[in-house]
Structures are given as structure tokens and as C-alpha cells.
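See below:
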């Protein structure tokens, strides 16, 4: 059973406890907070309640998505509407969610046919429009999905589903079925391995020290 309040991590960020699906995080910024991957649509109201309990609901300025899978992005539309926050996503992910581009594998096309997250009419494209708060750096990490991004913040990287993390902090690939492009995924793993960070905060599994 999940806790009723978010957990403060050793790196100064927070991990959502009431989101459903993937791990969700909250980053304190110089102006407001950024939510990374708020999880499934079915958990949106619980996440809003958790943010309100923490006194953050009125100060969410950015919602940042590593990619468009429903277990990461399903709650994003509700949070964006309720908080007025700017929503950031890779353009390739937005194109898939809008139906402009087909997913790259049979497995992902099957997932998309079951249902895909909706986005607000206006979104910000990572690496293209505007800039994230200066404390957060978007890192292109395609492979799991074509428009996947990870985010560096202080001494941490929030890796989404670009990699899985072993107990010793080393990185490994997701099962092949879940990867759209194996060569890109391997290259993204190398990019993340080269980062000088102390903490890896993955989309699934435990926050781990390197």
C-alpha cells in the first residue's frame, strides 16, 4: 500500500507516492516546481491531492514527460489543466500520441490501439520551443521510444525508461520487446553512463546511488 504523502529523496527532489504506473518526481525550482512523469490517468486526482497536501499544487510551473507511454504520461493532461503548468514532451512522442506518426513496433502499435494519453492543445517541445528552467537539462535518449528524453538536475538524472538500473548503480537495457530502436537505446545508455551524477532516478525501480 502506498504512502499518503510524497517522499523526499536524498538528492533534494521528491518522489510521488500516489501516482499510478511509473515513478513520478517533483523538482523544487527557483520559481515553483516541476513534475516529471505524473503517471497513469487513473491516478491524476490522487496526484493532485498529494501535491495539495504538500502545499505545492498552486506552484507547479512545469510538467515534464520523459516519453508518451500511458504509465508515465496518462495523468499529464489533467495536471496541466488543473495547475496551468507548461507541459513539455519530445516532438516525436507528441506526433505518436496525436496519431500523426505510427509507433515503430507491432507491440507499440497494439498498446496504442488500446488507448494513448491525451495532451493539451498547446505543448512545449523539448529541445525546440522555449527553454526549461535553467536548473533542468533535457537530454535526448531515444531508443525505448523515438522521442524519449532524460533530465539532469543538480547531481541527479531522471532517466525514465531509457535504461533499467541495477542495485550497484550500473545501467542495463529494457527487454527487447519494449525497445523501439535497439541501436539508439544502446547509444542512449552510453550517454547516461557518461554523466557525472550521483543519483539515478528511473521510471521503474528504486532511486539508486552510483
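Residue numbers (the UniProt record's numbering): 1 to 210.
Each residue gets a CB set at the ideal place from its N, CA and C atoms; glycine is no exception.
Whole-angstrom Cβ separation of residue i and residue j, contact assumed at under 8 Å?
| i | j | result |
| --- | --- | --- |
| residue 179 | residue 144 | 6 Å |
| residue 75 | residue 40 | 6 Å |
| residue 47 | residue 12 | Between residue 12 and residue 47 the Cβ distance is about 20 Å, and since that is not below 8 Å, they are no contact. |
| residue 16 | residue 207 | About 12 Å separates the two Cβ atoms, so there is no contact after all. |
Among the options, which residue has its Cα nearest to the Cα of residue i?
| i | options | result |
| --- | --- | --- |
| residue 57 | 71, 46 and 83 | 83 |
| residue 42 | 21, 6 and 32 | 21 |
| residue 150 | 126, 74, 117 and 96 | 126 |
| residue 140 | 89, 27 and 174 | 89 |
| residue 124 | 87, 175 and 5 | 87 |
| residue 176 | 185, 142 and 168 | 185 |
| residue 106 | 181, 137, 138 and 174 | 181 |
| residue 164 | 187, 191, 137 and 202 | 202 |
Whole angstroms are fine: how far does the CA of residue j sit from the CA of residue i?
| i | j | result |
| --- | --- | --- |
| residue 166 | residue 172 | 7 Å |
| residue 200 | residue 210 | 7 Å |
| residue 113 | residue 69 | 12 Å |
| residue 122 | residue 80 | 10 Å |
| residue 101 | residue 108 | 12 Å |
| residue 195 | residue 142 | 16 Å |
| residue 67 | residue 45 | 21 Å |
| residue 60 | residue 32 | 6 Å |
| residue 103 | residue 183 | 17 Å |
| residue 98 | residue 55 | 33 Å |
| residue 135 | residue 155 | 11 Å |
| residue 78 | residue 91 | 20 Å |
| residue 96 | residue 174 | 21 Å |
| residue 18 | residue 191 | 31 Å |
| residue 120 | residue 51 | 20 Å |
| residue 137 | residue 187 | 18 Å |
For residue i, does the count of other Cβ atoms within 10 angstroms reach 16, so buried, or fall short, so exposed?
| i | result |
| --- | --- |
| residue 198 | exposed |
| residue 118 | exposed |
| residue 1 | Legend: pLDDT at residue 1 = 40, less than 50; position of this residue unreliable, no value from coordinates given. |
| residue 7 | exposed |
| residue 64 | buried |
| residue 193 | exposed |
| residue 5 | exposed |
| residue 53 | exposed |
| residue 128 | exposed |
| residue 37 | buried |
| residue 157 | buried |
| residue 49 | exposed |
Are residue i and residue j close, meaning C-beta to C-beta below 9 Å?
| i | j | result |
| --- | --- | --- |
| residue 110 | residue 34 | no |
| residue 189 | residue 152 | no |
| residue 94 | residue 169 | no |
| residue 29 | residue 14 | no |
| residue 160 | residue 72 | yes |
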